[in-house]
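Residue numbers (the working numbering), protein chains in the order written: chain A, 1 to 387; chain B, 1001 to 1387. The beta carbon of each residue, even a glycine, is placed where N, CA and C say it ideally should be. Here is the structure we will look at.
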């Protein structure tokens, strides 16, 4: 499978009080189109990854609405939703539609507007990704991931300081990213002194609530040339139970293991072949577990490896979250999966500026919904496809 | 394109107070699987069409939840949303994923649970399919379709009695459908005497609020044999502006015209080749306009043709809404697009019982979201594919 990435763009992520969802979408789409050199009329279909437009915005025809903003009358448009993996799932369906021969060139938009609402509304809305049983027992997502962190720390004898290194790395990376919500480095001490959210997770172990939109233009039309080609060579999705209580392990996500194994198999690549990865670090524990599930670290050694700099820019081997990840870059949930593609594309083109990973040829994105109830894995490669 | 339909099922549609969304999904999925002769483990992916689980049920990871009910661990699962066309859009993406070679055999579920909520909640939730501008001016969907009806009646000199014939036909058809929400015939007088909802639309011009789930198992795996094969030979989607105020015409939906033209072109078929069709008659006016947009009737003659019995079982040429349509069968919004496929499959297999259309070989489904902001058209054919 070879899908060419022709254009990418992302808005700044953050508390964007002064922009509407439509305006964010327009900015991301028009910039991605500009980079691709294409006009709206050359786009065959639109895929929108979004979680909360219905719950928070009472808008349940979002893809048609965004199609109006794109300015291509009658274009087929779809909203794909799978909680915080909505962006990755939208991309997966977009890729399938191209490989089916149904469309040639499509635009995939990830979009979320969260900060216009109260903390209570946002907490309630985000709980919509969870299981009824865990919600009824009062668990919110920080609580669910705190249980995973407790299990991980006990099982592998890991302390809170080691876990905190995930946030420290991602804030360091975010300090090089002008689109990141937080651009200042933090220390392990900062994380340790930040307020407890759900023991052992503290405020600086958690990704923020954010607004943002990201867009990619992808195609298999070989007549459209790209100056710095990047191709998507694998797209795999898998699910798991919504509730942790139904799973064999709290310290591994079967959805991620299954989808990434399929992606490695489809490409013949091994985890060691991945130069750079964007990881769904909604909490520090998420990235520690993710790097193990993806095969970048041995079981129980993810947090330790991260704390030793093995996944840090300029010194690590597999650079994780060069963008700053969800932690520093921000987490507008439907946009995240597409922002990851934007970041890896820049890394593989060598256009990531101050946060450029050295000699990055192959990259991976890891986008998770709920506490691992769904995962989307994409593998990208520098160089042209179909040629 | 040839996608085989291996199994179909639908729950009864109606006010299903005593069943949860999970139970409805389980019933539809297990019956569709039973008909296909397949086990859950033989399903490669799950697509769920649903509009309101987020807004009304605060559930935003629905596809993963339904995957649990299906009982196939780690299966890729997607929720596709496009207002009342969610079912048709889910099927379109499912078909693309098969034609891409990504999956071979997939299950598509349409699901909606509406009646557990107050009228106010439902009205507000359904307005989520509309444009901000029309909502701000106080328009709900009956109001929007009433404007279309007013324009249609003036433009073509059609009276309310003629429009009422749509509901009379669909209730007549529904009287043969044990799964329909309403199974009693009505007269033009009944429609005329029913309370005004939005002039000129009366209660019996409007489809009801309903619960229900429908499922289809589709595949391109030629090793799986079906006793009464039916194939999907076209799947096309198009959009339009959300608001009527942005459109050139109130009496035609450009999304339907565009998608159906593509479907006819893809198959080499003409409107006259369609023997049986399921039409998105959310209001009586919708079907009058639809049969014109689909080419079954000349402009301005849709309501008249229906009133003259040209689309009625046992006497018409192009039988429209043999199931009873949204009007009599019920309209659980996300399920409707899949129920249409279930009905046309039965018609083409010749297993539709008392509501069997004579000699039906080719069928069409017409699924619309919002007031035409999105439309999905599918064409089905009796007989096996890939053989």
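{"query": "For a minimum of 3 consecutive residues, which ranges assigned as the beta strand (DSSP E) are wholly contained in the segment 30 to 80 of chain A?", "result": "45 to 49"}
{"query": "Only counting runs of 3 or more residues, tell me where the beta strand (DSSP E) segments fall wholly within the segment 1180 to 1244 of chain B, in order along the chain.", "result": "1196 to 1198, 1212 to 1219 and 1230 to 1239"}
{"query": "Quick check: the segment 1365 to 1376 of chain B against the segment 63 to 81 of chain A, are at least 3 beta-carbon pairs closer than 8 Å?", "result": "yes"}
{"query": "Quick check: is the beta carbon of residue 1026 of chain B nearer than 8 Å to any beta carbon in chain A?", "result": "no"}
{"query": "Are there three or more Cβ pairs, one per stretch, closer than 8 Å when the segment 1037 to 1045 of chain B is compared with the segment 1072 to 1082 of chain B?", "result": "yes"}
{"query": "Report the residue from A:50, A:7, A:330 and A:332 whose alpha carbon sits nearest the alpha carbon of residue 33 of chain A.", "result": "A:7"}
{"query": "Going by alpha carbons, who is nearest to residue 274 of chain A out of A:48, A:297 and A:289?", "result": "A:297"}
{"query": "Under 8 Å by Cβ, that's how I've got residue 1380 of chain B and residue 1336 of chain B pegged, so tell me the actual separation to the nearest angstrom.", "result": "Residue 1380 of chain B to residue 1336 of chain B, Cβ: 16 Å. No contact."}
{"query": "Using the Cβ count rule (16 or more neighbours within 10 Å means buried), how would you classify residue 178 of chain A?", "result": "exposed"}
{"query": "Let's see if you can read the secondary structure: which residues bound the beta strand (DSSP E) around residue 382 of chain A?", "result": "374 to 382"}
{"query": "Measure the alpha-carbon distance for residue 1194 of chain B versus residue 1320 of chain B and round it to whole angstroms.", "result": "24 Å"}
{"query": "Going by Cα to Cα distance, which pick from A:182, A:129 and A:284 is closest to residue 199 of chain A?", "result": "A:284"}
{"query": "Going along the chain, which residues of the segment 56 to 83 of chain A sit with their C-beta nearer than 7 Å to a C-beta in chain B?", "result": "58, 59, 60, 61, 63, 64, 65, 67, 68, 74, 75, 76, 77, 78, 79, 80, 81, 82 and 83"}
{"query": "Going by DSSP, what residue range makes up the beta strand (DSSP E) through residue 368 of chain A?", "result": "362 to 369"}
{"query": "With DSSP as the reference, identify every bridge partner of residue 112 of chain A, one or two as the case may be.", "result": "A:212"}
{"query": "Compare the beta carbon distance of residue 1276 of chain B and residue 1347 of chain B with 8 Å and say whether it is the shorter of the two.", "result": "yes"}
{"query": "How would you call residue 1011 of chain B, buried or exposed, if buried means at least 16 neighbouring beta carbons within 10 angstroms?", "result": "buried"}
{"query": "Could you tell me which residues DSSP pairs with residue 282 of chain A in its beta bridges?", "result": "Answer is none; residue 282 of chain A lacks a bridge partner."}
{"query": "With 7 Å as the limit, tell me which residues of the segment 88 to 109 of chain A have their beta carbon closer than that to any beta carbon of chain B; keep them in chain order.", "result": "89, 93, 96, 97, 99, 100, 101 and 102"}
{"query": "Using the three-state DSSP reduction, which class does residue 1017 of chain B fall into: helix, strand or coil?", "result": "coil"}
{"query": "Could you list the residues in the segment 216 to 247 of chain A with a C-beta less than 7 Å from some C-beta on chain B, going in chain order?", "result": "237, 238, 239, 240, 241 and 242"}
{"query": "State the DSSP-derived secondary structure class of residue 1091 of chain B, mapped to helix, strand or coil.", "result": "helix"}
{"query": "Under a Cβ-count criterion, where at least 16 other Cβ atoms within 10 Å of its own Cβ denotes burial, should residue 1246 of chain B be classed as buried or exposed?", "result": "exposed"}
{"query": "What residues match up with residue 1004 of chain B in a beta bridge as DSSP calls it?", "result": "B:1219 and B:1231"}
{"query": "Could you check the C-alpha separation between residue 38 of chain A and residue 222 of chain A for me, to the nearest Å?", "result": "14 Å"}
{"query": "Could one say the Cβ of residue 54 of chain A lies closer than 8 Å to chain B's Cβ atoms, at least one of them?", "result": "yes"}
{"query": "Kindly list the residues whose CB is nearer than 6 Å to the CB of residue 9 of chain A, restricted to its own chain and excluding five residues on each side of it in sequence; keep chain order.", "result": "28, 31, 32 and 215"}
{"query": "Just to make sure I have the definition right: I need the residues of chain A whose C-beta is within less than 9 Å of the C-beta of residue 1255 of chain B. Which are they?", "result": "64 and 74"}
{"query": "Using the Cβ count rule (16 or more neighbours within 10 Å means buried), how would you classify residue 112 of chain A?", "result": "buried"}
{"query": "In whole angstroms, what separates the C-alpha of residue 1151 of chain B from that of residue 1244 of chain B?", "result": "12 Å"}
{"query": "Helix, strand or coil for residue 297 of chain A, going by three-state DSSP, please let me know.", "result": "coil"}
{"query": "Can you list, in chain order, the stretches of the alpha helix (DSSP H) that have 4 or more residues and sit fully within the segment 328 to 360 of chain A?", "result": "333 to 349"}
{"query": "Figure out for me which residue from B:1341, B:1318 and B:1052 has the closest Cα to the Cα of residue 1218 of chain B.", "result": "B:1341"}
{"query": "Can you check DSSP and say which residues form a bridge with residue 1319 of chain B?", "result": "B:1276"}
{"query": "Considering Cα atoms alone, identify which of A:240, A:271, A:130 and A:163 is closest to residue 954 of chain B.", "result": "The structure shown does not extend to residue 954 of chain B, since chain B is modelled only from 1001 through 1387, so no value can be given for it."}
{"query": "Give me the chain A residues within the contact set of residue 1258 of chain B, using Cβ-Cβ distance strictly less than 7 Å, ordered along the chain.", "result": "74"}
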